[in-house]
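K.L.:
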Amino acid sequence: MTGSTARQTPPSEDRFASYLGGITKVLSHASRVSAARAYCTGLLLPGERKSIEPMAARMEPAQVQAAHQSLHHVVAKAEWDDAAMLHAVRQQVVPAIEQHGPIAYWIVDGTSFPKKGQHSVGVARQYCGQLGKQDNCQVAVSLSMANDQASLPIAYQLYLPQAWAEDPIRRAKAGVPEAITFQTKMAIALGQIRQARADGVPAGVVLADAEYGDDTDLRVGVAALDLSYVLAVRAGTSVWPPGLAPLSPTWSGQGRPPQRLRRSPEHQPVSVKALAAAQPLRTWRTVTWREGSQAALSSRFLALRVRPAHRDEQRGEPWPEEWLLIEWPRGEAEPTKYWFSNLPAHTSLKHLVHTAKARWRIERDYQELKQEIGLGHFEGRGWRGFHHHASLCIAAYGFLAAERCLFPPQQRFARERIAAPALPQGYQPRGAAHPA
Numbered sequence: 186m187t188g189s190t191a192r193q194t195p196p197s198e199d200r201f202a203s204y205l206g207g208i209t210k211v212l213s214h215a216s217r218v219s220a221a222r223a224y225c226t227g228l229l230l231p232g233e234r235k236s237i238e239p240m241a242a243r244m245e246p247a248q249v250q251a252a253h254q255s256l257h258h259v260v261a262k263a264e265w266d267d268a269a270m271l272h273a274v275r276q277q278v279v280p281a282i283e284q285h286g287p288i289a290y291w292i293v294d295g296t297s298f299p300k301k302g303q304h305s306v307g308v309a310r311q312y313c314g315q316l317g318k319q320d321n322c323q324v325a326v327s328l329s330m331a332n333d334q335a336s337l338p339i340a341y342q343l344y345l346p347q348a349w350a351e352d353p354i355r356r357a358k359a360g361v362p363e364a365i366t367f368q369t370k371m372a373i374a375l376g377q378i379r380q381a382r383a384d385g386v387p388a389g390v391v392l393a394d395a396e397y398g399d400d401t402d403l404r405v406g407v408a409a410l411d412l413s414y415v416l417a418v419r420a421g422t423s424v425w426p427p428g429l430a431p432l433s434p435t436w437s438g439q440g441r442p443p444q445r446l447r448r449s450p451e452h453q454p455v456s457v458k459a460l461a462a463a464q465p466l467r468t469w470r471t472v473t474w475r476e477g478s479q480a481a482l483s484s485r486f487l488a489l490r491v492r493p494a495h496r497d498e499q500r501g502e503p504w505p506e507e508w509l510l511i512e513w514p515r516g517e518a519e520p521t522k523y524w525f526s527n528l529p530a531h532t533s534l535k536h537l538v539h540t541a542k543a544r545w546r547i548e549r550d551y552q553e554l555k556q557e558i559g560l561g562h563f564e565g566r567g568w569r570g571f572h573h574h575a576s577l578c579i580a581a582y583g584f585l586a587a588e589r590c591l592f593p594p595q596q597r598f599a600r601e602r603i604a605a606p607a608l609p610q611g612y613q614p615r616g617a618a619h620p621a
């Protein structure tokens, strides 16, 4: 084909082709590379549904069945390493993110996918954030890296409830690897953080909501890795108020000296909610942390130096002092949010607030991953397919994140799409609902 008749490829498509070439090298086999490139392309094409059959029809309207088989094989059947894929994505995307500043945050989050039946891997009746209630769903734990410009998920794992982990028949049907045992969501998150540390990922302040932040083992584990954190906690979390700590052990002079700290009826920790309510109104400060879509975002905050109290009676020394950050929006009857942070004692209130509020980026990530990329559209039931689909969705999202970093905020495009072929006439995709 001559240059006069060939369609000129837009620069963004050149960049996309180069990006796919970089991330699919980890797949080795040529057929897998081709199918994975097609899969990522399909995820970025317009279309309400990003499951395999509709994507096959958009990509190859004249050979839907062959395209379907190829896409299904690379996602549900082929053996390739999800961690290696996410590492390749990170290598491609992080330099673009860091053009706007160093990595500042590591954001832990759990995301859920409602399911109607019981057979998809990991499905159980549990809290579903997407629905805001207990229901049948899958839950995945992820770790993202971010600065104030952009963010990228770098680790992703399905939470396998204990009933699933201890059921050899269901494990075998879903292809759950033998190495996967029951872990709490917090333990999965801490493992992801440890792996990121071991892999030399640029360090950031660890952020998470109260489901994770209230877990003492997670906070201790993060601190042991020489990482800072700003982690949300629940209103009932207990602390020692500023200047107080548990009582030292007492010894009668006989026997082995006791090692454990003590409390007394008159010397007890308090909940963070009770401590916040006792603070004078004049001590609260209004802090603005960023510009919203319509106005600057601000609220009232207070930061105190406290000691966490959970399980301190089992220790020989009190927990170290750390920050308790509290938010009390105007118009609310009581404070609404609380965070623990081991950032240095000289950290300003504004910096504490700015860091705590940076977690909003993960909500944007998952909104786009689900609504635009199709993270929740995979219709298979197996462990491998669940993770392969997620890895390729993150790869597609990573390209968009890198593209946006090429432009200043006022010129960034959020919905640039590659031109899509027309669907076959009369084509009706199957699987519009979420099967189990």
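Here the sequence shown is numbered in the working numbering, starting from 186 and rising by one per residue.
The beta-carbon is built from N, C-alpha and C at its ideal position, and this holds for glycine as well.
In whole angstroms, give me the CA-to-CA distance for ASP497 and LEU403.
P.N.:
Within the sequence shown, numbered from 1, the residue matching residue 497 stands at position 312. Within the sequence shown, numbered from 1, the residue matching residue 403 stands at position 218. C-alpha separation (whole angstroms): 16 Å.
K.L.:
Beta-carbon within less than 6 Å of ALA223's beta-carbon, same chain only, minus the 5 sequence neighbours each way: which residues are those?
P.N.:
Working through the sequence shown from its first residue, we reach residue 223 at position 38. Closer than 6 Å at Cβ, skipping near neighbours: MET244.
K.L.:
Within its chain, find whatever has a CB closer than 7 Å to the CB of ARG310; leave out the 5 residues flanking it on each side and keep chain order.
P.N.:
On the sequence shown, residue 310 is found 125 positions in, with the first residue counted as 1. Correct list, in chain order: GLN319, ASP320, ASN321.
K.L.:
Answer yes if the region 464 to 484 comes into contact with the region 418 to 431, meaning at least three C-beta pairs across the two stretches below 8 Å, and no otherwise.
P.N.:
No: the two stretches stay apart, fewer than three of their Cβ pairs being nearer than 8 Å.
K.L.:
Between SER189 and ARG217, what straight-line distance do the alpha-carbon atoms span, to the nearest angstrom?
P.N.:
Numbered from 1 along the sequence shown, position 4 holds the residue referred to as residue 189. Numbered from 1 along the sequence shown, position 32 holds the residue referred to as residue 217. Here the model assigns SER189 a pLDDT of 39, short of 50, so the residue's position is not dependable and the matter cannot be decided.
K.L.:
Identify, in the order they occur along the chain, each residue of the same chain with its Cβ nearer than 7 Å to the Cβ of ARG448, setting aside the five sequence neighbours on each side.
P.N.:
As a position in the sequence shown, residue 448 is number 263, starting the count at 1. These residues qualify, in order along the chain: PRO431, LEU432, GLU498.
K.L.:
What distance in whole Å lies between the Cβ atoms of LEU345 and GLY307, which are believed to be in contact at a cut-off of 8 Å?
P.N.:
Counting from one through the sequence shown, the residue named residue 307 turns up at place 122. Counting from one through the sequence shown, the residue named residue 345 turns up at place 160. That belief holds up - the Cβ atoms of GLY307 and LEU345 are roughly 5 Å apart, short of 8 Å.
K.L.:
How big is the Cα-Cα spacing for TRP349 and GLY567?
P.N.:
Here the question's residue 349 lines up with position 164 in the sequence shown. Here the question's residue 567 lines up with position 382 in the sequence shown. Taking the straight line joining both Cα atoms gives about 13 Å.
K.L.:
Can you give me the Cβ contacts of ALA481 inside the same chain, cut-off strictly under 7 Å, excluding the 5 residues immediately before and after it?
P.N.:
By one-based count along the sequence shown, residue 481 stands at place 296. If we look at ALA481 and ignore the five residues flanking it on each side, its Cβ neighbours are THR473.
K.L.:
Can you grab the Cα-Cα spacing for the pair ALA587 / MET270, in whole Å?
P.N.:
Within the sequence shown, residue 587 is the residue found at index 402, counting from 1. Within the sequence shown, residue 270 is the residue found at index 85, counting from 1. Taking the straight line from one Cα to the other gives about 16 Å.
K.L.:
Taking a contact to mean a Cβ-Cβ separation below 7 Å, would you say TYR414 touches VAL391 in this structure?
P.N.:
Taking the first residue of the sequence shown as position 1, residue 414 is located at position 229. Taking the first residue of the sequence shown as position 1, residue 391 is located at position 206. Yes, the pair counts as a contact, with Cβ atoms nearer than the cut-off.
K.L.:
Any idea if VAL326 is buried or exposed, counting beta-carbon neighbours within 10 angstroms, 16 or more meaning buried?
P.N.:
Counting from 1 along the sequence shown, the entry for residue 326 is found at position 141. So VAL326 counts as buried.
K.L.:
Determine, using beta-carbon pairs with one atom in the region 529 to 536 and one in the region 544 to 554, whether at least three such pairs fall under 8 Å.
P.N.:
Counting Cβ pairs under 8 Å, fewer than three are found: no touch.
K.L.:
For THR366, count neighbouring Cβ atoms within 10 angstroms of its own Cβ and tell me buried if that reaches 16, exposed if not.
P.N.:
Counting from one through the sequence shown, the residue named residue 366 turns up at place 181. Exposed, by the Cβ-count rule.
K.L.:
When you compare the region 454 to 468 with the region 566 to 581, are there three or more beta-carbon pairs, one atom per stretch, that lie closer than 8 Å?
P.N.:
Contact between the region 454 to 468 and the region 566 to 581 is absent, because fewer than three Cβ pairs lie under 8 Å.
K.L.:
Count the other C-beta atoms from every protein chain shown that fall within 10 angstroms of the C-beta of HIS304, then say buried if there are 16 or more, exposed otherwise.
P.N.:
Indexing the sequence shown from 1 puts residue 304 at position 119. Exposed.
K.L.:
By DSSP, does TRP469 sit in helix, in strand, or in coil?
P.N.:
As a first step, residue 469 must be located in the sequence shown, where it is residue number 284. Note: TRP469 maps to coil in three-state DSSP.
K.L.:
Among the residues of its own chain, which have a CB less than 6 Å from the CB of ALA581, if the five just before and after it don't count?
P.N.:
By 1-based counting over the sequence shown, the position of residue 581 is 396. Here the set comprises CYS225, LEU228, LEU229, ILE558.
K.L.:
With DSSP run on the structure shown, which of helix, strand or coil describes GLN311?
P.N.:
On the sequence shown, position 126 is the one that residue 311 refers to. Correct three-state label for GLN311: strand.
K.L.:
From LYS555 to GLU502, what does the alpha carbon distance come to, in whole angstroms?
P.N.:
The count along the sequence shown starts at 1 and reaches residue 555 at position 370. The count along the sequence shown starts at 1 and reaches residue 502 at position 317. If I take the Cα positions, the gap works out to 46 Å.
K.L.:
Checking 7 Å against the spacing of the C-beta atoms, do ILE176 and PRO520 come in under that value?
P.N.:
As shown, the chain starts at 186 and ends at 621. That puts residue 176 outside it, with no answer to give.
K.L.:
If ILE373 and LEU410 are in contact, beta carbons under 8 Å, what's the gap, nearest whole angstrom?
P.N.:
Position 188 of the sequence shown, counting from 1, holds the residue named residue 373. Position 225 of the sequence shown, counting from 1, holds the residue named residue 410. Rounded, the Cβ-Cβ distance is 16 Å, inconsistent with contact.
K.L.:
Which residue or residues does DSSP assign as beta-bridge partners of TYR523?
P.N.:
On the sequence shown, position 338 is the one that residue 523 refers to. Answer is VAL418, ILE511.
K.L.:
Going by other Cβ atoms of all chains shown within 10 Å of its Cβ, with 16 needed for buried, is PHE584 buried or exposed?
P.N.:
Within the sequence shown, the letter at position 399 stands for residue 584. Under this definition PHE584 is a buried residue.
K.L.:
Determine contact between the region 280 to 298 and the region 330 to 339, defined as no fewer than three beta-carbon pairs at a distance below 8 Å.
P.N.:
Touching, per the Cβ criterion.
K.L.:
Alpha carbon to alpha carbon, how far is ALA261 from PRO450?
P.N.:
Within the sequence shown, numbered from 1, the residue matching residue 261 stands at position 76. Within the sequence shown, numbered from 1, the residue matching residue 450 stands at position 265. Their backbone Cα atoms lie some 59 Å apart in a straight line.
K.L.:
What does a CB cutoff of less than 6 Å around ALA417 pick up in its chain, not counting 5 residues either side in sequence?
P.N.:
To locate residue 417, count along the sequence shown from 1; it is residue 232. These residues qualify, in order along the chain: ASP394, ALA395, GLY398, TRP524.
K.L.:
Would you list the one or two residues that DSSP bridges to ILE292?
P.N.:
For the purposes of this step, residue 292 is identified with residue 107 of the sequence shown, where counting begins at 1. BP columns for ILE292 point to SER329, LEU392.
K.L.:
Can you have a look at TYR204 and say buried or exposed, based on whether 16 or more other CB atoms are within 10 angstroms of its CB?
P.N.:
The residue labelled residue 204 in the question sits at position 19 within the sequence shown. By the 10 Å Cβ count, TYR204 comes out buried.
K.L.:
Give the single residue among PRO362, MET330, HIS257 whose Cα lies nearest to the Cα of LEU343.
P.N.:
On the sequence shown, position 158 is the one that residue 343 refers to. Selected option, being the one with the closest Cα: PRO362.
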